[in-house]
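Chemist:
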Amino acid sequence: MNSVNINLFQFERDLTWMAFFMDANDRFYARYGGREDAAAESHLTKESMVRVMKQALELHRRGQVQKSRYEPGREPARTPEEIPTMNPMMARRKDSPCIHCHDVKVAELRLLQQLGRFSRELVFTYPAPSAVGIQLDSDVQNKVGAVIPNSPAQLAGIREGDTVVSADGQRILTFADFSRVLELTPSQASLPLEIQRGGQTLRPMLKLSSAWRRTPDPSWRESLHVAGPNAGFWGNKLPEDERKKLGLPAGKMAVLVTFIWGDYTRQAGLKKDDVVVKFDGLDSDMTIPQLHAHLNLNRNYGDRVPVTVRRGTHQHDLVLSLPKQPAEP
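Position in the sequence shown (from 1) plus 1058 gives the number in the working numbering.
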């Protein structure tokens, strides 16, 4: 992202890859990329990529660029290096001058923290269409593959097999096109769609409420650590054979501690090779990124967090006193 115009190239910067189809005047035909929580490549397929490339060529032949309010304006170029919080971040990274996509988002969130304008909801950028109940097909990405029960999409009458033509006037060819619209949609909103169903054109309205942006498992988001404290340790889910040896039930938490970096974690009594079986009242099976995500989004600096570990044949109840403020970036 070094020297890239971030006012022009706007996208989910927690991703590792994104593509834009444009003309020579910096106008967009389509975007390609994005993911569901559960899979980094949920909507990166050869079939979908070839499909949108062909569509973009035809749109270019016709000169049909996107023209809705969801397209970037003509603001002056702005680069990641101009974000005030970026230089301190990069100064500490002496081994590599490369600015990653997530670095841009992290720097912007830290700037908002400094200005007193940060909220945890700002982590949930570029929502997947599934956030409103529409699970798009991986290969034909404007086709509804499934509709989530009791979602805004189901309540609006969207059905499996529908083709999404546009959202609030923005042409939809891909997952990323739809996600772009959702990024600029308010928390409380009515979002008009145009869909095709069996040769008919329908115009359902999605009624969105304040909680729709939050997704069940945002632990993949690299920027999440800006939102709150972490547990000060790393680990892996205990393999099934090791679970059985310890008599730990399937489907319950069993995180093997492999590395500790937080002094506050050591002071709590946590040790390498401990198995965390309960954390902040939770005992459901989860990965270490999911455990950290829970703290990032639900706990504050200075909080005290109960932790239960198995150490050999014994169980120990510990209390993790989180640091009173974040470490330097």
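Glycine residues also receive a C-beta, built at the ideal position from the N, C-alpha and C atoms.
Spell out the partners DSSP gives Arg1150 in its beta bridges.
Modeler: Along the sequence shown, read from residue 1 onward, the residue named residue 1150 stands at position 92. Answer is none; Arg1150 lacks a bridge partner.
Chemist: DSSP on Val1363, reduced to helix/strand/coil?
Modeler: Position 305 of the sequence shown, counting from 1, holds the residue named residue 1363. In the structure shown, Val1363 sits in a strand (DSSP, three-state: E or B).
Chemist: For Phe1233, is the classification buried or exposed, using 16 other Cβ atoms within 10 angstroms of its Cβ as the cut-off for buried?
Modeler: On the sequence shown, position 175 is the one that residue 1233 refers to. By the neighbour-count rule (16 or more Cβ atoms within 10 Å), Phe1233 is buried.
Chemist: Under DSSP, the beta strand (DSSP E) around Pro1250 begins and ends at which residues?
Modeler: Along the sequence shown, one-based indexing puts residue 1250 at 192. 1247 to 1255 is the extent of the beta strand (DSSP E) around Pro1250.
Chemist: Alpha carbons only, please: which of Leu1304, Lys1201, Ser1177 is nearest the one belonging to Gln1254?
Modeler: Residue numbering aside, residue 1254 sits at position 196 when the sequence shown is read from its first letter. Distance check between Gln1254 and each of Leu1304, Lys1201, Ser1177 places Lys1201 closest, using alpha-carbon atoms only.
Chemist: Counting C-beta neighbours from all protein chains within 10 Å, is the total for Cys1156 16 or more, i.e. buried, or is it exposed?
Modeler: Stepping through the sequence shown from its first residue, residue 1156 is reached at position 98. By the Cβ neighbour-count rule, Cys1156 is exposed, with fewer than 16 other Cβ atoms within 10 Å of its own.
Chemist: Within its chain, find whatever has a CB closer than 7 Å to the CB of His1283; leave out the 5 residues flanking it on each side and keep chain order.
Modeler: Here residue 1283 refers to the residue found at position 225 of the sequence shown. Answer for His1283: Asn1354, listed in chain order.
Chemist: Exposed or buried, which one is Val1334 when buried takes at least 16 other CB atoms within 10 Å?
Modeler: Taking the first residue of the sequence shown as position 1, residue 1334 is located at position 276. Buried is the call here.
Chemist: Would you say Ala1289 and Thr1323 are within 8 Å of each other, going by their C-beta atoms?
Modeler: Within the sequence shown, residue 1289 is the residue found at index 231, counting from 1. Within the sequence shown, residue 1323 is the residue found at index 265, counting from 1. In contact: Ala1289 and Thr1323 (Cβ atoms closer than 8 Å).
Chemist: Where does Leu1194 fall in DSSP's three states?
Modeler: Locating residue 1194 in the sequence shown gives position 136, where the first residue counts as 1. Strand at Leu1194.
Chemist: Assuming contact is defined by CB atoms lying nearer than 8 Å, are Pro1364 and Gly1327 in contact in what I supplied?
Modeler: Indexing the sequence shown from 1 puts residue 1364 at position 306. Indexing the sequence shown from 1 puts residue 1327 at position 269. For Pro1364 and Gly1327, no; Cβs fall outside 8 Å.
Chemist: Gln1348 to Glu1139, Cα distance in whole Å?
Modeler: Your numbering for residue 1348 matches position 290 in the sequence shown. Your numbering for residue 1139 matches position 81 in the sequence shown. One C-alpha to the other measures close to 31 Å.
Chemist: How many whole angstroms separate the CB atoms of Ala1114 and Phe1069, which I take to be in contact at a CB cut-off of 8 Å?
Modeler: Counting from one through the sequence shown, the residue named residue 1114 turns up at place 56. Counting from one through the sequence shown, the residue named residue 1069 turns up at place 11. That pair is no contact at about 16 Å.
Chemist: Rounding to the nearest angstrom, what Cα-Cα distance links Lys1330 and Ala1098 in this structure?
Modeler: As a first step, residue 1330 is located in the sequence shown; it is residue number 272 there, counting from the start. As a first step, residue 1098 is located in the sequence shown; it is residue number 40 there, counting from the start. Those two C-alpha atoms are separated by around 30 Å.
Chemist: Helix, strand or coil for His1374? Go by DSSP, reduced to three states.
Modeler: Numbered from its first residue, the sequence shown carries residue 1374 at position 316. In this structure, His1374 counts as strand in the three-state DSSP scheme.
Chemist: Would Gly1293 and Asp1343 qualify as a contact pair, given that the criterion is a beta-carbon distance under 8 Å?
Modeler: Position 235 of the sequence shown, counted from the first residue, corresponds to residue 1293. Position 285 of the sequence shown, counted from the first residue, corresponds to residue 1343. No, Cβ-Cβ distance for Gly1293 and Asp1343 is not below 8 Å.
Chemist: Compare the C-beta of Lys1265 with all C-beta atoms of chain C and state if any pair is closer than 8 Å.
Modeler: No chain C is present in this structure, which holds just one protein chain.
Chemist: What three-state label does DSSP hand Phe1069 in the structure shown?
Modeler: As a first step, residue 1069 is located in the sequence shown; it is residue number 11 there, counting from the start. The answer is coil: DSSP assigns Phe1069 none of H, G, I, E or B.
Chemist: Counting C-beta neighbours from all protein chains within 10 Å, is the total for Glu1133 16 or more, i.e. buried, or is it exposed?
Modeler: Counting from 1 along the sequence shown, the entry for residue 1133 is found at position 75. Glu1133 is exposed by the Cβ-count criterion.
Chemist: Could you tell me the boundaries of the alpha helix (DSSP H) in which Asn1356 lies?
Modeler: Counting from 1 along the sequence shown, the entry for residue 1356 is found at position 298. Run containing Asn1356: 1346 to 1356, per the alpha helix (DSSP H) assignment.
Chemist: Quick check for students: name the residue ranges of the beta strand (DSSP E) that lie wholly in the region 1199 to 1234, counting only runs of 3 or more.
Modeler: Taken in chain order, the unbroken stretches of beta strand (DSSP E) that lie wholly in the region 1199 to 1234 and span 3 residues or more are 1202 to 1205, 1221 to 1225.
Chemist: Gln1258 lies in the beta strand (DSSP E); which residues open and close that run?
Modeler: Locating residue 1258 in the sequence shown gives position 200, counting from the first residue. That run of the beta strand (DSSP E) goes 1258 to 1260.
Chemist: Roughly how many angstroms lie between the CA atoms of Gly1360 and Gln1325, to the nearest whole one?
Modeler: Here residue 1360 refers to the residue found at position 302 when the sequence shown is read from its first residue. Here residue 1325 refers to the residue found at position 267 when the sequence shown is read from its first residue. Distance between Gly1360 and Gln1325, taken at the CA atoms: about 14 Å.
Chemist: Tell me the residue span of the beta strand (DSSP E) that contains Ala1077.
Modeler: Stepping through the sequence shown from its first residue, residue 1077 is reached at position 19. Counting along the chain, the beta strand (DSSP E) containing Ala1077 begins and ends at 1076 to 1080.
Chemist: Closest to Leu1304 by CA distance: which of Gly1091, Val1367, Ala1211 is it?
Modeler: Working through the sequence shown from its first residue, we reach residue 1304 at position 246. Checking every option, the nearest Cα to that of Leu1304 belongs to Val1367.
Chemist: DSSP on Glu1179, reduced to helix/strand/coil?
Modeler: As a position in the sequence shown, residue 1179 is number 121, starting the count at 1. Here Glu1179 sits in helix by DSSP.
Chemist: With distances taken from CA atoms, which of Ala1385, Asp1235, Val1313 is nearest Val1110?
Modeler: Numbered from 1 along the sequence shown, position 52 holds the residue referred to as residue 1110. Comparing Cα positions, the closest option is Asp1235.
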